[in-house]
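Undergrad: If you use the working numbering, the sequence shown corresponds to residues 717 to 1008, in order.
A virtual CB, placed ideally from N, CA and C, is assigned to each residue, including glycine.
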Amino acid sequence: MKSIVVGNLSVGGTGKTPHIEYLIRLLRDKKVATLSRGYGRTTKGFILADATVDATTIGDEPFQFFSKFKNIAVAVDGNRTNGIQQLEKLVNPEVVLLDDAFQHRKVTAGFYVLLTDYNHLFADDFILPFGNLREPSMGKKRADLIIVTKCPNDITDLAKEKIKQKLKVDVPVYFSHIVYDEMVYNANSQLRLAEMNQSKLIIAGIANPTSFIEKLKNEGDEVLIYSDHHEFSAQEIETIKARATNKIIITTEKDYMRLQGKIDDAILYYLPIKVALDNTSQFDKTILDYVG
């Protein structure tokens, strides 16, 4: 079984989820499993996702994987070693994608993908509590390749070269940017953003919501910002409903996993994102050559 870690040196906000989804799509011809800690879940131990799970039992990001990709196995376990053993026993995948496991030294993966945010490069950051790094930037030496995420769509070759020099690594460095869907979705319908003329309530409970809000916000729209992986209380749900009078609610896909079933689906939508990488063919070849 091949194993690929997607992680970061910082405390979060680098865009792991859409990059894991990129790998899921790339490896669609393989038997793939994802293994996450299941941040924010109310359960403990190993869980292999099935029809009984939701965001509270396995966490919002794993539930997003489970909801979108029907041909993969999705598991959570705070003990990654046990999680891998259970997956081998129950699923026997060809590839396991380890979500946010860059610091899990008890697990030695076959391939390490390190993400760093264009606006918050690990080379410019400091260890907690003075900065946002979980470990010293020398942890970069464990990476097999690095992706600089959330880049401007028009980033220049000169800017890329300057970043590569700043990172000071001997492995390939790729650059990715966020691509927003032109539609918003819920369980029953979809709407085209460009044709939407109704006022919106925009809800974001992610680490860095600026670009998401900028993509959506027009004059007359309201915005509610919460912490990353925020668990909405009953009182907050009532506040959202009150603020959404005569509005459509648009939230992130991750937040939708926690809000669906609590707010009328007729007004609750999410905006999906994907990532686009530079030098895609070389990146894909590197991953596929490793997987075999």
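If I'm right that residue 890 touches residue 999 with Cβ under 8 Å, what's the distance once you round it to whole angstroms?
TA: Correct: roughly 5 Å between the Cβ atoms.
Undergrad: Just curious, the beta strand (DSSP E) that residue 964 is in, first and last residue?
TA: That run of the beta strand (DSSP E) goes 964–968.
Undergrad: Identify which residue in 916, 815, 953, 725 has its Cα closest to the Cα of residue 939.
TA: Taking only the C-alpha atoms, the option nearest residue 939 is 916.
Undergrad: Cutting at 6 Å between CB atoms, please list the residues of its own chain near residue 936, excluding the five before and the five after it.
TA: Correct list, in chain order: 915.
Undergrad: Under 7 Å, do residue 814 and residue 825 count as touching if we go by C-beta distance?
TA: Cβ atoms of residue 814 and residue 825: closer than 7 Å.
Undergrad: Could you spell out where the alpha helix (DSSP H) holding residue 938 opens and where it closes?
TA: Looking at the DSSP string, residue 938 is not in any alpha helix (DSSP H); the run it does join, the beta strand (DSSP E), is 938–941.
Undergrad: With DSSP collapsed to three states, give me the class of residue 891.
TA: If DSSP states are grouped into helix, strand and coil, residue 891 belongs with the strands.
Undergrad: Does the distance from the C-beta atom of residue 882 to that of residue 839 stay below 7 Å?
TA: Contact flag set, yes.
Undergrad: Please state if the CB of residue 966 and the CB of residue 1022 are separated by a distance shorter than 7 Å.
TA: Past the edges of the chain, shown from 717 to 1008, lies residue 1022, and the structure says nothing about it.
Undergrad: Flag this pair as yes or no: are the beta carbons of residue 819 and residue 858 separated by less than 7 Å?
TA: Not a contact, by the Cβ cut-off of 7 Å.
Undergrad: Answer yes or no: do residue 860 and residue 827 have a C-beta to C-beta separation smaller than 7 Å?
TA: Yes, the Cβ-Cβ distance between residue 860 and residue 827 is below 7 Å.
Undergrad: Give the list of continuous beta strand (DSSP E) stretches no shorter than 3 residues that lie fully inside the stretch 753–840.
TA: Counting only runs of 3 or more, we get 789–792, 811–815, 827–833.
Undergrad: Counting along the chain, where does the beta strand (DSSP E) carrying residue 732 start and finish?
TA: Not the beta strand (DSSP E): residue 732 falls in the alpha helix (DSSP H), residues 732–742.
Undergrad: Count the other C-beta atoms from every protein chain shown that fall within 10 angstroms of the C-beta of residue 878, then say buried if there are 16 or more, exposed otherwise.
TA: Under this definition residue 878 is an exposed residue.
Undergrad: Can you tell which of 753, 797, 791, 795 has its C-alpha closest to the C-alpha of residue 766?
TA: The shortest C-alpha separation from residue 766 is found at 791.
Undergrad: Using CA atoms only, rank isn't needed, just tell me which of 724, 974, 945 is closest to residue 830.
TA: Closest option to residue 830, Cα to Cα, is 724.
Undergrad: Just the C-alpha distance for residue 920 and residue 776, rounded to the nearest angstrom, thanks.
TA: So the two alpha carbons sit approximately 13 Å from each other.
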